[in-house]
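Student: Residue 64 in UniProt numbering is what sits at position 64 of the sequence shown, and the numbering runs on without skipping anything.
Using N, Cα and C, we set each Cβ at its ideal position, and we do this for glycine too.
Please read all numbers here as calculations on a predicted model, not as lab measurements.
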Amino acid sequence: MRSRRLALAAATTLGALALTLGIGGTAQAAPRPSVTQAECRASGGLVVPINVVASICIWHNPDGTSDSAPITDPWGIN
Numbered sequence: 001m002r003s004r005r006l007a008l009a010a011a012t013t014l015g016a017l018a019l020t021l022g023i024g025g026t027a028q029a030a031p032r033p034s035v036t037q038a039e040c041r042a043s044g045g046l047v048v049p050i051n052v053v054a055s056i057c058i059w060h061n062p063d064g065t066s067d068s069a070p071i072t073d074p075w076g077i078n
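Given below as structure tokens:
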């Protein structure tokens with residue numbers, strides 16, 4: 001049972017990382033500053049949990065590229 005949980009956590013983390021790196025164009029602007037979940041949603045971003053303790057915000061731009069930024073409050077606490 002423990003090995004299944006560990007494998008699931010590893011697969012989830014790797015999948016989220018692949019999703020994050022695979023989205024967007026090849027040339028991107030400077031990274032956006034960290035945001036809270038509320039700021040992410042208010043600005044039209046999508047909150048993507050990477051694992052239990054981290055999340056990122058992804059914005060899809062009109063030109064087909066994407067931007068991302070780390071979320072400072074993964075559970076919306078701060």
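Does glycine 44 pass the burial test, meaning 16 or more other C-beta atoms within 10 Å, or should it be called exposed?
Tutor: exposed
Student: Who are the Cβ neighbours of valine 47 in its own chain at under 7 Å, not counting the five residues just before and after it?
Tutor: Hits under 7 Å: Gln37, Cys40, Arg41, Ser55, Cys57, Ile71.
Student: What separation, rounded to the nearest whole angstrom, lies between the Cα atoms of asparagine 61 and aspartate 67?
Tutor: 7 Å
Student: Under the rule that 16 or more other beta-carbon atoms within 10 Å means buried, what is glycine 25, buried or exposed?
Tutor: Confidence at glycine 25 is low in this model, with a pLDDT of 46, below 50, so its placement is unreliable and no value can be given for it.
Student: According to DSSP, is isoleucine 58 part of a helix, a strand, or is it coil?
Tutor: Strand.
Student: Under a Cβ-count criterion, where at least 16 other Cβ atoms within 10 Å of its own Cβ denotes burial, should valine 52 be classed as buried or exposed?
Tutor: exposed
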